[in-house]
Amino acid sequence: MQKQLQTSKNMVKTANNDIKSVTTKAAKRIKDFSNPQIAPTSYDRNDFKRDIPAAKQLNSEEIKQANETLREDSDLTPISTTTFPTVDISSYAKATNELMRRSISQSAAIKEIGDNVPKRNFASQGMETHSRNPDEHCAFCGGLLTPERWALLDNYFSNAEKP
1 MQKQLQTSKN
11 MVKTANNDIK
21 SVTTKAAKRI
31 KDFSNPQIAP
41 TSYDRNDFKR
51 DIPAAKQLNS
61 EEIKQANETL
71 REDSDLTPIS
81 TTTFPTVDIS
91 SYAKATNELM
101 RRSISQSAAI
111 KEIGDNVPKR
121 NFASQGMETH
131 SRNPDEHCAF
141 CGGLLTPERW
151 ALLDNYFSNA
161 EKP
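Numbering-wise, the sequence shown is residues 1 to 163 according to full-length UniProt numbering.
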């Protein structure tokens, strides 16, 4: 009984080795097929085993149709190449370096704005909304927009560059 069990185990082991060998060789054949390439270069026996349930035998008509499709695909004309304009980045680099050497400072502070970003944005939008007529009043608060106030706002938002 023990001898029979051992013989059966050996037969199973041999059969498994045969299956492993067959699947490895089949996967290699598929992987190495290159005209057209039908599998990734990493294709192995595990991929082959996963593909088996989806595989089917093709009849002669299906084989003929597949071969015709391959011939049609091989007649594709190459895609024309696109040429891009050459860009001289040295001028951009020069301008960037020049700007980086400069310090940017806010020339004046307006106490009503302070560091409050929404107030700063509001004032900036107000400057775009209003004209610079000497008798114009603020649409929000009704205050007179004097030339002095305009100068202060211009100075605040100019972020004048100083070398």
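C-beta atoms are modelled at their ideal positions from N, C-alpha and C, and glycine is treated no differently. Note that the coordinates shown come from a computational prediction; the quantities given were computed from them, not determined experimentally.
Legend entry - Whole-number beta carbon distance between D47 and A27, since they are thought to touch under 8 angstroms: Indexing the sequence shown from 1 puts residue 27 at position 27. Indexing the sequence shown from 1 puts residue 47 at position 47. Contact holds; Cβ gap of about 6 angstroms.
Inset, instruction - Leaving out five residues on either side along the sequence, give the residues of the same chain with a beta carbon under 7 angstroms from the beta carbon of P163. - result: As a first step, residue 163 must be located in the sequence shown, where it is residue number 163. A caution first: P163 carries a pLDDT of 41, below 50, which makes its placement in the model unreliable, though a value can still be read off. Cβ neighbours of P163 beyond the five flanking positions: R102.
Inset, instruction - State whether the stretch 117-132 contacts the stretch 140-155, with contact taken as three or more CB pairs (one from each stretch) at a distance under 8 angstroms. - result: yes
Legend entry - Reference D51; option with closest CA among R71, P36 and I30: Numbered from its first residue, the sequence shown carries residue 51 at position 51. If we check each option's Cα against that of D51, I30 comes out closest.
Legend entry - residue 232 and T14 closer than 9 angstroms at C-beta: Summary: the structure shown does not reach residue 232, with the chain confined to residues 1 through 163, and so no result is reported for it.
Inset, instruction - Could you spell out the range, first to last residue, of the alpha helix (DSSP H) harbouring F157? - result: To locate residue 157, count along the sequence shown from 1; it is residue 157. Taken as a continuous stretch (DSSP letters only), the alpha helix (DSSP H) holding F157 covers P147 to S158.
Inset, instruction - Within 10 angstroms of the Cβ of Y43, are there 16 or more other Cβ atoms? Answer buried if so, exposed if not. - result: Translated into positions along the sequence shown, residue 43 becomes position 43. By the 10 Å Cβ count, Y43 comes out buried.
Inset, instruction - Assign L153 to one of two classes, buried (16 or more other C-beta atoms within 10 Å of its C-beta) or exposed (fewer than that). - result: Looking up residue 153 in the sequence shown gives position 153. When all chains shown are included, L153 counts as buried.
Inset, instruction - Following the continuous alpha helix (DSSP H) through N97, name the residue where it begins and the one where it ends. - result: To locate residue 97, count along the sequence shown from 1; it is residue 97. Following the DSSP letters along the chain, one finds N97 inside the alpha helix (DSSP H) bounded by residues I89 to R101.
Inset, instruction - Identify which residue in F140, C138, A139 and M127 has its Cα closest to the Cα of A151. - result: For the purposes of this step, residue 151 is taken as residue 151 along the sequence shown, with counting starting at 1. Per the Cα distances, M127.
Inset, instruction - Could you tell me the distance, in whole angstroms, from the CA atom of S90 to the CA atom of T83? - result: Position 90 of the sequence shown, counted from the start, is the residue given in the question as residue 90. Position 83 of the sequence shown, counted from the start, is the residue given in the question as residue 83. Looking at the two C-alpha atoms, the distance is approximately 21 angstroms.
Inset, instruction - Mind checking which residues open and close the alpha helix (DSSP H) that includes K119? - result: Counted from its first residue, the sequence shown places residue 119 at position 119. Looking at the DSSP string, the run of the alpha helix (DSSP H) that includes K119 is V117 to T129.
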